[in-house]
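Enquirer: Numbering (the UniProt record's numbering), first residue to last: 1 to 161.
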Amino acid sequence: MDPGQTVKHDISSSVDTCDNLIDVKVEEHPIEVEAKQENETCSNLYCEMVFAHISPLVLHKRTHTGEKPFKCNHCDKFFSRKDHLKLHQRIHTREKPQKCKTNFHYCEKCFPHQSTLVKHKRIHTGEKPYKCNHCEKLFSRKDNMPLHQRIHTGEKPYQCS
Numbered sequence: 001m002d003p004g005q006t007v008k009h010d011i012s013s014s015v016d017t018c019d020n021l022i023d024v025k026v027e028e029h030p031i032e033v034e035a036k037q038e039n040e041t042c043s044n045l046y047c048e049m050v051f052a053h054i055s056p057l058v059l060h061k062r063t064h065t066g067e068k069p070f071k072c073n074h075c076d077k078f079f080s081r082k083d084h085l086k087l088h089q090r091i092h093t094r095e096k097p098q099k100c101k102t103n104f105h106y107c108e109k110c111f112p113h114q115s116t117l118v119k120h121k122r123i124h125t126g127e128k129p130y131k132c133n134h135c136e137k138l139f140s141r142k143d144n145m146p147l148h149q150r151i152h153t154g155e156k157p158y159q160c161s
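#1: What is the C-beta distance between arginine 81 and phenylalanine 70, in whole angstroms, given that I count them as a contact (C-beta under 8 Å)?
#2: Lysine 61 lies in the alpha helix (DSSP H); which residues open and close that run?
#3: Please work out which residues of its chain come closer than 6 Å, Cβ to Cβ, to aspartate 83, disregarding the five sequence neighbours upstream and downstream, and give them in chain order.
#4: Going by the DSSP bridge assignment, what does cysteine 132 pair with across the sheet?
#5: Could you give the DSSP three-state label for glutamine 98: helix, strand or coil?
#6: Looking at the secondary structure, which residues open and close the alpha helix (DSSP H) in which lysine 119 lies?
#7: How far does the beta strand (DSSP E) with lysine 71 in it extend, from its first residue to its last?
#8: Comparing C-alpha positions only, which one of Cys47, Glu48, Tyr46 and His53 sits nearest to glutamate 40?
#9: Which of the three DSSP states is assigned to leucine 87 in this structure?
#10: Do you know how far the Cα of glutamate 95 is from the Cα of lysine 101?
#11: Per DSSP, what kind of secondary structure is leucine 147 in: helix, strand or coil?
#12: Going along the chain, which residues of its own chain have a beta-carbon closer than 7 Å to the beta-carbon of lysine 109, five neighbours each way excluded?
#13: Exposed or buried, leucine 147, counting other C-beta atoms within 10 Å across all chains shown (16 or more means buried)?
#14: Closest by CA to histidine 64, which one among Asn73, Met49 and Cys72?
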């Protein structure tokens, strides 16, 4: 194609479809083909993000527009990325492909997401990467810190009614 040429493009053809995905935005629109540029830049006035390829830019722009074209057919949640939808659907399918494999302990636990497996493995390794800002106490999970930090702040959020 020549720079400046306008073509018709049906975006439904670029969206994978299967039993688990529902297309919610299908339209024809013109795409202007421009001379190849070194980098792709976000067009948002206050954003300075630059990408080497167009596809990450398209995904990034959804953070500004709020567009979520991928719909879960189990619970009506929408997602901006297909891979996020697929991860979410593990809640419904109870799929747990992330298996705990360790040389030191017998463990057969499985998890739906890699991030959950990483947190679990700290039980076996003893790793505690989170440190309290007020003392030397270490934690294996970041979400355990706020409760501990109340010791230092004196916060007592619960009151007898």
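Glycine is no exception: its CB is placed at the ideal position from the N, C-alpha and C atoms.
Expert: Inspection of the coordinates gives the following:
#1: With a Cβ gap of about 7 Å, arginine 81 and phenylalanine 70 count as contacting.
#2: Counting along the chain, the unbroken alpha helix (DSSP H) around lysine 61 starts and ends at 54-65.
#3: Counting only Cβ-Cβ distances below 6 Å, and skipping sequence neighbours, we find nothing.
#4: Cysteine 132 is not bridged to any residue.
#5: Collapsing the DSSP output to three states places glutamine 98 in a strand.
#6: It spans 114-125 - the alpha helix (DSSP H) in which lysine 119 sits, taken as one unbroken run.
#7: Boundaries of the beta strand (DSSP E) around lysine 71: 70-72.
#8: Nearest in C-alpha terms to glutamate 40, of all of Cys47, Glu48, Tyr46 and His53, is His53.
#9: Looking at leucine 87 - three-state DSSP - the assignment turns out to be helix.
#10: Each residue's alpha carbon lies about 17 Å from the other.
#11: In this structure, leucine 147 counts as helix in the three-state DSSP scheme.
#12: In the same chain as lysine 109, and ignoring 5 residues on each side of it, the C-beta atoms closer than 7 Å to its own belong to Cys100 and His120, in chain order.
#13: Its Cβ having fewer than 16 others within 10 Å, leucine 147 is exposed.
#14: Minimum Cα distance to histidine 64 is reached at Met49.
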